[in-house]
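Remarks on the structure that follows.
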Amino acid sequence: MAQTTETPARTPEKAPRRRVHRAWFVAAVTFVTIIGAAAFASLPGLLIEPLHEEFDWSRGTIGFAVSVNLALYGLTAPFAAALMDRFGIRRVVAVALTIISAGSVLTVWMTAAWQLVLYWGVLVGLGSGSMALAFAATVTNRWFVARRGLVTGILTAAGASGQLVFLPLLSWLVEHHGWRPAAVTVALAALAVVPFVWLLLRDHPADVRLAPYGGEYAEKPAPVPGAARRAVTVLLKAARTGPFWLLAGSFAICGASTNGLVKTHFVPAAHDHGMPVTAAAGLLAVIGVFDVVGTVASGWFTDRFSPRRLLAVYYALRGVSLLFLPMLLAPSVHPPMLFFIVFYGLDWVATVPPTIALCREHYGEDSAIVFGWVLASHQVGAAAVAFAGGVARDVFGTYDVVWYASGALCAAAALMALVISRPRTELLSPAGA
1131 MAQTTETPAR
1141 TPEKAPRRRV
1151 HRAWFVAAVT
1161 FVTIIGAAAF
1171 ASLPGLLIEP
1181 LHEEFDWSRG
1191 TIGFAVSVNL
1201 ALYGLTAPFA
1211 AALMDRFGIR
1221 RVVAVALTII
1231 SAGSVLTVWM
1241 TAAWQLVLYW
1251 GVLVGLGSGS
1261 MALAFAATVT
1271 NRWFVARRGL
1281 VTGILTAAGA
1291 SGQLVFLPLL
1301 SWLVEHHGWR
1311 PAAVTVALAA
1321 LAVVPFVWLL
1331 LRDHPADVRL
1341 APYGGEYAEK
1351 PAPVPGAARR
1361 AVTVLLKAAR
1371 TGPFWLLAGS
1381 FAICGASTNG
1391 LVKTHFVPAA
1401 HDHGMPVTAA
1411 AGLLAVIGVF
1421 DVVGTVASGW
1431 FTDRFSPRRL
1441 LAVYYALRGV
1451 SLLFLPMLLA
1461 PSVHPPMLFF
1471 IVFYGLDWVA
1481 TVPPTIALCR
1491 EHYGEDSAIV
1501 FGWVLASHQV
1511 GAAAVAFAGG
1521 VARDVFGTYD
1531 VVWYASGALC
1541 AAAALMALVI
1551 SRPRTELLSP
1561 AGA
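Just so you know, the sequence shown maps onto residues 1131 to 1563 in our numbering.
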């Protein structure tokens, strides 16, 4: 009699869980890092009146220190992007945060204007330049193939989030305890992020044996020697193309109409009209809230629509809003001013995702360094207006002329964005037909 053996029924295997890709954790660490470093960007506009009152320095002198900071912020960025290729993201960012902290805390003991230029202008400018948007562009290019526009928008919004987190606190400290505790707070915030960066950030997907999100696995490229030479070489190559100058020119106007003008001079301009410093700083923080929404939305739009047309719309709307601002400044916050804050906030750095997309479209693997140079023009524009705005206030007793000039420049930037050409593509047929 044959013996039958029963085989137990197999339990169905559970479908493997879809893990969240490591790229999203790297993006989250980058986001928090930029937030922690963003405290330095919240302070210059709050320093103008206290330093003018304590040291009797002119607003032009203080504006010059801020302009050095803004210019170095931009001019350092392309070299920082090349240094990240040579030494890795973690090392460059950790050193940059330490320099920001040192420069900020040294201002506590300054007694002369040249020290403000050295500590806040040079040291904080160099450190913050290495934490600039080239950092976000490098992380996005290495870790993401899909969703690049969205991630760029989120990381760009991190700076606005940092402004939102720190600006009300710093304005309260300046108002009730003076500017020195605010400077120390900035130093501690930058320093606190260093171990976070060192322990959690990774330079490249290959470091953890992963492919970038939405892409194929590739070995980590060898370190690129000659970071400074490469940054200059990429600049010389890009400078022979028309799109570079259009991107750089329009982004210079972007910097002039945001960091150089509103971030630096909005608080003292509102204070000129009788508005308390804390109320004006609170309005800037609200700009930060809507900037997050606008920049993330801009990243989403950039994945779906023409970045040229997006830039033209953004610059045109910004110019119109700036032309109305002098009529809205008053001793108290009223509904038309709130409308301006919301409208302007949505457009604050919405220009960044389409600008990065155009750099990537035209310059490929060199796009992070090219964007670093485009960002340098952004900060040179910001530096020029930070200084010119202070001088205009000293000479005319008002900021009105600067608001109107910036509105007109934004119209020019909109036209520049529209004429950026599409990259040439070689046809596959031998005849080229």
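For every residue, glycine included, the Cβ atom is placed at its ideal position computed from N, Cα and C.
Query, Result
"Three CB pairs or more closer than 8 Å across the stretch 1264-1280 and the stretch 1185-1200", "no"
"Start and end residues, alpha helix (DSSP H) containing Y1444", "P1437 to L1458"
"C-beta atoms of C1540 and Y1445 nearer than 8 Å", "yes"
"S1462 versus P1298: straight-line alpha-carbon distance, rounded", "17 Å"
"Y1203 (DSSP reduced to helix, strand or coil)", "helix"
"Through-space distance from G1449 to A1538, alpha-carbon basis", "6 Å"
"Opposing strand residues paired with Y1343 [DSSP bridges]", "F1274"
"Contacting residues, own chain, Cβ-Cβ under 7 Å from V1423 (five flanking each side not counted)", "L1476"
"Euclidean distance between Cα positions of V1531 and A1542", "17 Å"
"As assigned by DSSP and simplified to three states, the class of G1308", "coil"
"F1469, buried or exposed, once every other Cβ within 10 Å from all chains shown has been counted against 16", "exposed"
"F1381 versus V1504: straight-line alpha-carbon distance, rounded", "7 Å"
"Alpha-carbon to alpha-carbon, F1501 and L1205", "11 Å"
"Cβ-Cβ separation, R1220 to D1092 (assumed contact under 8 Å), whole Å", "In the structure as shown, the chain starts at 1131 and stops at 1563, and residue 1092 therefore has no counterpart that could be examined."
"Close Cβ partners of A1410 (< 7 Å) along its chain, the five nearest in sequence each way excluded", "F1396, V1397, A1400 and H1401"
"Validate contact between the stretch 1484-1495 and the stretch 1184-1194 using beta carbons, cut 8 Å, 3 pairs", "no"
"Supposed contact pair A1513 and G1390 - C-beta distance, whole angstroms, cut 8 Å", "7 Å"
"Neighbourhood of G1345 by C-beta, 7 Å cutoff - its chain only, sequence neighbours within 5 removed", "V1275"
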